[in-house]
Amino acid sequence: MKNKANKITLLYILFSILVAVIGYYVLYKFHTTQDAIFLNYSFIKDIVFIVFSGIIFKIVLTKNYNRNQGIFEKLQANNEEIKESNERYDIVAKATSDTIWDWKIQEDNFIWNKGIQEVFGYKKEEVGITSNWWFDRIHPEDSIKMSVKLYSFIEQKTEKWQDEYRFKCADGSYKYVFDRGFLVKDEQGNVIRMIGAIQDITKQKEEEQRLKLLETVITQTKDAVIITESEKANRTIPKIVFVNPAFTEMTGYKSSEVIGKTPTIFMGKKSVKNDIENLSKALRGKEEFEFKTWNYKKTGEEYWVNFSMIPITNSEGEHSHWISIQRDITDEKHQEKEKEQLIRELTQNNKDLKQFSYITSHNLRAPLSNLTGLLNLMQEIPIENVELKEIIHGFKTSTNLLNETINDLVKVVIIKDNPSIQKEEVLIKDVFENVFNQLSFLISLHKPILKIELEKVTILNINKAYLESILLNLFTNAIKYRSPKRTLRIFVSSKEIGDTIILAFKDNGIGIDLERNKDKIFGLYQRFHNYPDSKGLGLYLVKSQVESMGGTIVVESEVDKGTTFIITFKK
Numbered sequence: 023m024k025n026k027a028n029k030i031t032l033l034y035i036l037f038s039i040l041v042a043v044i045g046y047y048v049l050y051k052f053h054t055t056q057d058a059i060f061l062n063y064s065f066i067k068d069i070v071f072i073v074f075s076g077i078i079f080k081i082v083l084t085k086n087y088n089r090n091q092g093i094f095e096k097l098q099a100n101n102e103e104i105k106e107s108n109e110r111y112d113i114v115a116k117a118t119s120d121t122i123w124d125w126k127i128q129e130d131n132f133i134w135n136k137g138i139q140e141v142f143g144y145k146k147e148e149v150g151i152t153s154n155w156w157f158d159r160i161h162p163e164d165s166i167k168m169s170v171k172l173y174s175f176i177e178q179k180t181e182k183w184q185d186e187y188r189f190k191c192a193d194g195s196y197k198y199v200f201d202r203g204f205l206v207k208d209e210q211g212n213v214i215r216m217i218g219a220i221q222d223i224t225k226q227k228e229e230e231q232r233l234k235l236l237e238t239v240i241t242q243t244k245d246a247v248i249i250t251e252s253e254k255a256n257r258t259i260p261k262i263v264f265v266n267p268a269f270t271e272m273t274g275y276k277s278s279e280v281i282g283k284t285p286t287i288f289m290g291k292k293s294v295k296n297d298i299e300n301l302s303k304a305l306r307g308k309e310e311f312e313f314k315t316w317n318y319k320k321t322g323e324e325y326w327v328n329f330s331m332i333p334i335t336n337s338e339g340e341h342s343h344w345i346s347i348q349r350d351i352t353d354e355k356h357q358e359k360e361k362e363q364l365i366r367e368l369t370q371n372n373k374d375l376k377q378f379s380y381i382t383s384h385n386l387r388a389p390l391s392n393l394t395g396l397l398n399l400m401q402e403i404p405i406e407n408v409e410l411k412e413i414i415h416g417f418k419t420s421t422n423l424l425n426e427t428i429n430d431l432v433k434v435v436i437i438k439d440n441p442s443i444q445k446e447e448v449l450i451k452d453v454f455e456n457v458f459n460q461l462s463f464l465i466s467l468h469k470p471i472l473k474i475e476l477e478k479v480t481i482l483n484i485n486k487a488y489l490e491s492i493l494l495n496l497f498t499n500a501i502k503y504r505s506p507k508r509t510l511r512i513f514v515s516s517k518e519i520g521d522t523i524i525l526a527f528k529d530n531g532i533g534i535d536l537e538r539n540k541d542k543i544f545g546l547y548q549r550f551h552n553y554p555d556s557k558g559l560g561l562y563l564v565k566s567q568v569e570s571m572g573g574t575i576v577v578e579s580e581v582d583k584g585t586t587f588i589i590t591f592k593k
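All residue numbers for the sequence shown refer to my numbering, where the first residue is 23 and numbers rise by one.
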């Protein structure tokens, strides 16, 4: 630049001298003798002036150069700084997952970086350039609160602003975001720009909500929850770092009394002796462990507890804590003992009842056989006394009924005492034929209308004699309890549905009042009609035989309309 100033100065001097010389020769050509001295003097003066003005011109140029050089260097430094700042901005924008925005407030012009596309899924042409586009995508429940807070921040000219809200994605879903903004002011302190960064905190928010939910569960549950640190190399049992309110209620220990100590503070000698070795083994292996043990309350009172230990690992997969869940099962243990005692008593009572049934049936059979024999002999002796003859007839009837009752009781005992009855493959149609042959006299006597719809269904693993007994009882009851108002109709069907076989037995007899007798239908010695020969044993035998073969039976009935029995067997 100095060389350039020197060149300009030199050119100025040379050009000026050239003009002066040309002017001198022109004037000298037309001068008079008297003017020669004046022209020489004037030429020398012009030359001196030109040189002197050239020097001044050089000084001015040099000063301007120095000033311009300072301004240039300052501009160059500013440009470098701006360039470096832009490079840093580009690097940060690429490195961070935040969505960076720049809002020129007075012009209402918005500029977004690529984060708005990558994080929220918007295409470049979908992104608006005004603040309205931004506000329109804030969740309606958050929009008013966020807008008020933002404009209040701008009016107060606070330097930094931050808020959390939900921002709409391109697919219509919302993400939780954490937004931070910084104000840019002019020399007069007026707000002209705002630059901010939006961070997607959806996962953190969901995790926060999940942790709050878990915290609520832990604090509200009735089970005691204990969290311990991971065990150290020099300590077998880890120290407690947290207990929930249910623990205090269960044991009487406050959290301040147990935190920093090991669980052995409330584990008594019994539990330590029986379970400490297994517990220590599980702790060393970092395995889930569960056991039932005695624990002790602060008062010294013993209680049973179901104790489980669950290992917890951190994000790096390292074991960090143990969670123990303890449930007071003292009442359950007592009920379990009572149940065991009751089962023992019932088992013994059942044995005694069976023994009584066997003894009774055995001891009564001999006298009954003798009575039956004597009554048969008396039939051959002519008796003229009418009253005596009626007495003997009544005695014979009672003896026969007693014999039938004993036989029925023996059947019940045999059914209940023989779960492993002989089973075989049975064709239902064949069983019905045998039943009809046995009931041929009753059928011909009462002439019921029979409708039989039997599919060719085979029942596997069933006792044929039991099935015949079941059908005999149902047919006999249908005939016995027929309605005198109408002809008896009996409908029998069998069908296969999936892996089950269903037998349906329906009549239009006098029916049973289920509202009064629903729970007693299949009870022992339950009678629902005042018939002289009704013993109340048939349906009890039917249900016992059905269940002994793994089936189920249900009844539907309505007074004076009829009764339906539905029997279901697994195929």
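Each residue gets a CB set at the ideal place from its N, CA and C atoms; glycine is no exception. Just so you know, these numbers come straight off a predicted model, no measurement behind them.
Just to confirm my understanding: we take Leu496, look at its own chain, exclude 5 residues before and 5 after, and list those with CB closer than 8 Å. What are they? The answer, listed in chain order, is Phe527, Val564, Phe587.
In chain order, what residues of the same chain lie with their CB nearer than 6 Å to the CB of Val577, ignoring the 5 residues before and after it? Exclusion of the five residues before and after Val577 leaves Ile543, Phe587 as the residues of its chain whose Cβ lies within less than 6 Å of its Cβ.
Compare the beta carbon distance of Gln348 and Ile262 with 9 Å and say whether it is the shorter of the two. It is not a contact, given that the beta carbons lie outside the stated cut-off.
Should Val199 and Tyr187 be called a contact, given that it needs their Cβ atoms to be closer than 9 Å? A contact, by the Cβ cut-off of 9 Å.
Assign Lys29 to one of three DSSP states: helix, strand, or coil. In the three-state reduction of the DSSP assignment, Lys29 falls in the helix class.
Nearest to Phe329 by alpha carbon, out of Ser342, Glu309, Asp350? For Phe329, the closest C-alpha among the options Ser342, Glu309, Asp350 is that of Asp350.
Identify, in the order they occur along the chain, each residue of the same chain with its Cβ nearer than 8 Å to the Cβ of Asn28, setting aside the five sequence neighbours on each side. Closer than 8 Å at the Cβ level, and outside the excluded window around Asn28, lie Lys80.
Which two residues bound the contiguous beta strand (DSSP E) that contains Leu597? No information on residue 597 is available, as it lies outside the stretch 23 to 593 that the chain covers here.
If distances are taken between C-alpha atoms only, which option among Ile35, Thr152, Thr522, Lys85 comes closest to Ile69? For Ile69, the nearest C-alpha among the options comes from Ile35.
Taking Thr284 as the reference, give the member of Pro333, Leu33, Trp344 with the closest Cα. Checking every option, the nearest Cα to that of Thr284 belongs to Trp344.
Quick check on DSSP: helix, strand or coil for Ile543? It is coil, neither helix nor strand.
Three or more beta-carbon pairs under 8 Å between the stretch 232-251 and the stretch 152-170, yes or no? Because the criterion of three Cβ pairs below 8 Å is not met, the stretch 232-251 and the stretch 152-170 do not touch.
Determine, using beta carbons only, whether His468 and Ile501 come nearer to each other than 9 Å. Yes; because the gap between Cβ atoms is below 9 Å, this pair is in contact.
Contact set for Gly573: own chain, Cβ-Cβ below 7 Å, skip 5 residues either direction: Cβ neighbours of Gly573 beyond the five flanking positions: Ile589, Thr590, Phe591.
Are Lys244 and Leu205 touching if we call contact CB-CB under 9 Å? No, the pair does not count as a contact, with Cβ atoms beyond the cut-off.
Buried versus exposed, by CB contacts within 10 Å (16 or more), Ala246: Taking a 10 Å sphere around the C-beta of Ala246, we find 16 or more other C-beta atoms and assign the residue as buried.
Span of the alpha helix (DSSP H) holding Arg232? Where Arg232 is concerned, the enclosing alpha helix (DSSP H) stretches over 224-242.
Quick one: Cα of Thr224 to Cα of Lys197, how far? A direct Cα-Cα distance of roughly 5 Å separates Thr224 from Lys197.
Selected residue, minimal CA-CA separation from Ile471, among Ile512, Leu489, Glu455, Ala487: The alpha carbon of Ile471 has as its nearest neighbour, out of Ile512, Leu489, Glu455, Ala487, the alpha carbon of Ile512.
Give me the Cα-Cα distance between Thr522 and Leu494, rounded to the nearest whole angstrom. Thr522 and Leu494 have their C-alpha atoms some 22 Å from each other.
Spatial neighbours of Ser38 within its chain, please: CB distance less than 6 Å, with the 5 preceding and 5 following residues excluded, ordered by chain position. Residues Ile72 of the same chain have their beta carbon placed closer than 6 Å to that of Ser38, with the five preceding and five following residues left out of the count.
If Phe250 and Lys320 are in contact, beta carbons under 8 Å, what's the gap, nearest whole angstrom? Reading the sequence as shown, one finds Thr at residue 250 and not Phe. With 8 Å as the limit, Thr250 and Lys320 do not qualify as a contact, their Cβ atoms being about 19 Å apart.
Take the Cβ of Leu233 as the centre, count every other Cβ of all protein chains shown within 10 Å, and call the residue buried at 16 or more, exposed below. The Cβ neighbour count for Leu233, taken over all protein chains shown within 10 Å, is under 16; the residue is labelled exposed.
DSSP-derived helix/strand/coil call for Met331: In this structure, Met331 counts as strand in the three-state DSSP scheme.
What distance in whole Å lies between the Cβ atoms of Asn485 and Lys445, which are believed to be in contact at a cut-off of 8 Å? The Cβ separation is near 6 Å, so the contact holds.
Simplified DSSP state of Arg538, which is helix, strand or coil: If DSSP states are grouped into helix, strand and coil, Arg538 belongs with the helices.
Cross-strand partners of Met289 (DSSP beta bridge): Residue pairing by DSSP puts Met289 in a beta bridge opposite Asn317.
Run the CB neighbour count on Thr335, radius 10 Å, all protein chains shown included, and call it buried at 16 or more, exposed below. Exposed is the label assigned to Thr335, since fewer than 16 other Cβ atoms lie within 10 Å of its Cβ.
Please classify Tyr488 as buried or exposed, where buried requires at least 16 neighbouring CB atoms within 10 angstroms. Per the 10 Å Cβ criterion, buried.
Does the distance from the C-beta atom of Tyr325 to that of Thr352 stay below 9 Å? Between Tyr325 and Thr352, the C-beta spacing is below 9 Å.
Kindly provide the ranges of any beta strand (DSSP E) runs that are 3 or more residues long and lie completely inside the stretch 147-233, ordered along the chain. Taken in chain order, the whole beta strand (DSSP E) runs of length 3 or more contained in the stretch 147-233 are 182-190, 196-207, 213-222.
Through-space distance from Arg508 to Glu580, alpha-carbon basis: Cα to Cα, the separation comes out at about 16 Å.
Going by DSSP in three states, Ser278 sits in which element: helix, strand or coil? Helix, per DSSP.
Where Glu340 and Glu310 are concerned, what is the direct C-alpha to C-alpha distance, given to the nearest angstrom? The alpha-carbon atoms of Glu340 and Glu310 are separated by roughly 15 Å.
Should Thr315 be labelled buried (16 or more other beta-carbon atoms within 10 Å of its own) or exposed? Thr315 should be labelled buried.
I'd like to know whether the C-beta atoms of Asp130 and Ala219 end up nearer to each other than 9 Å. No, they are not a contact pair.
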